[in-house]
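Novice: Below: one structure in structure tokens.
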Ligand code: TYD
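Residue numbers (this note's numbering): 1102 to 1233.
Structure follows, in structure tokens:
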């Protein structure tokens, strides 16, 4: 499965750590949008969609969560629990986000502005789209 983790340098010192994210440097696209998911209630699973064009990097900057991935052929689960690890998700990947720990913050960098027409929110439609 085409799932890539990107390890970011930590500029750590006795004060703590700092991670810098730069478009077309350690992030492989121009960042047009940033959003973050926090205060996720216990037992909640989010996502249940794929994108036609959008590329994203997911970073759990605090706490942990799991990402369920499905490219229409294979499934994989990725644990995100480090603020310097980004999961690079290209288009054509059905995803769910779940098992958010207390205080988890999932930061997402996106290659495009929000566009509902880029979403595939029905799983059967996703499978057909991937087999076209
Ligand atoms: P939703 O797609 O349900 O989130 P998730 O994929 O995490 O399950 O998005 C929740 C709401 O936020 C929905 O009304 C769409 C809106 N939204 C934006 O307005 N801008 C954005 O960049 C995103 C990701 C969502």
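C-beta atoms are modelled at their ideal positions from N, C-alpha and C, and glycine is treated no differently. The structure displayed is predicted, hence computed values, not measured ones.
Check the C-beta distance from residue 1231 over to residue 1173 and give it rounded, since I have them as a contact under 8 Å.
Specialist: Indeed, because the Cβ distance is near 4 Å, the residues count as touching under 8 Å.
Novice: Give the secondary structure of residue 1131 by DSSP, where H, G and I count as helix, E and B as strand, and everything else as coil.
Specialist: Residue state, collapsed to three classes: coil.
Novice: Name, in chain order, the residues that DSSP records as bridge partners for residue 1078.
Specialist: Residue numbering for the chain in the displayed model covers 1102 to 1233; residue 1078 lies beyond these limits and cannot be assessed.
Novice: Exposed or buried, residue 1222, counting other C-beta atoms within 10 Å across all chains shown (16 or more means buried)?
Specialist: With fewer than 16 other Cβ atoms within 10 Å, it is exposed.
Novice: Which residues bound the beta strand (DSSP E) around residue 1105?
Specialist: Per DSSP, residue 1105 belongs to the beta strand (DSSP E) from 1105–1108.
Novice: With a CB to CB cut of under 6 Å and the five nearest residues on each side skipped, what residues in its chain are close to residue 1138?
Specialist: Only 1207 meet the Cβ criterion.
Novice: Going by other Cβ atoms of all chains shown within 10 Å of its Cβ, with 16 needed for buried, is residue 1210 buried or exposed?
Specialist: It counts as buried.
Novice: Shortest alpha-carbon distance to residue 1216 belongs to which of 1152, 1204 and 1169?
Specialist: Minimum Cα distance to residue 1216 is reached at 1152.
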